[in-house]
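If you're matching positions, the first sequence starts at 61 in the working numbering and goes up one per residue. Backbone N, C-alpha and C define an ideal beta-carbon position, used for all residues, glycine too. These figures come from a predicted structure and were not determined experimentally.
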Amino acid sequence: MAKSKKPSKATNFFSDVHEVARLIPRGRATSYGAIAAYLGAKMSARMVGWAMNAAHGDHSIPAHRVVNRAGLLTGKHHFATPAEMQRRLEQEGISVKKDKIQNFEKIFWDPAKELI
DNA sequence: GGTCTGACCGGCG
DNA sequence: ACGCCGGCCAGAC
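Below, the structure written as structure tokens:
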């Protein structure tokens, strides 16, 4: 029961988001809402994106594999270069057209389904 | 210590 | 069919 509360200020939410994002397999992509729902806060999808902001500097977190539900690279502007996000996705075999992932539902990776 | 914003989502007119 | 608005949680000033 008493799980040792993390002395750290970092909330589990951020850590969780970072961890899930890191579990995203190569060549796949997921949405902020999917991660939020997996964490039990589908209504707080905004925070997921915000958590990604904290992921900056941590190259272990493939934030480029996280897009909005429409498959649009909404957060590409937050990368070192807006083209880097698309380039990374294409490098993994994901087709991106006009900042939008093609066959998004096909490569969609749902943590709640893939992860138990 | 209070206020605002933020890489979203879903519903309504 | 399209556009607008509110809601949610947490961090930063």
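In chain order, what residues of the same chain lie with their CB nearer than 7 Å to the CB of residue i, ignoring the 5 residues before and after it?
i, result
"I121", "H78, A81, R82, A115"
"V127", "A89, S91, L133, T134, I161"
Identify the continuous alpha helix (DSSP H) that holds residue i and give its terminal residues.
i, result
"P122", "From DSSP, P122 is part of no alpha helix (DSSP H); its letter is neither H nor E."
"R147", "142-151"
"R82", "72-83"
"M112", "105-114"
"I95", "92-99"
"K173", "171-174"
Just mark residue i as buried or exposed, buried being the case when its beta carbon has 16 or more other beta carbons within 10 Å.
i, result
"P171", "buried"
"K136", "buried"
"A143", "exposed"
"L133", "buried"
"A96", "buried"
"I84", "buried"
Roughly how far, in whole angstroms, is the beta-carbon of residue i from the beta-carbon of residue j, given that I think they are within contact range, below 8 Å?
i, j, result
"R88", "W169", "4 Å"
"G131", "K160", "5 Å"
If you measure between the beta carbons of residue i and residue j, is that distance less than 8 Å?
i, j, result
"L8", "H124", "No statement about residue 8 is possible, as the shown extent of the chain runs from 61 to 176 and does not include it."
"S91", "R129", "yes"
"K102", "G93", "yes"
"A111", "F164", "no"
Under 8 Å Cβ to Cβ from residue i, same chain only, skipping five residues before and after it: list those, please.
i, result
"I167", "G87, R88, A89, I154, I161"
Give every residue of the same chain whose Cβ lies closer than 6 Å to the Cβ of residue i, excluding the five residues on either side of it in the sequence, and list them in chain order.
i, result
"Y98", "P171, A172"
"E152", "R86, G87"
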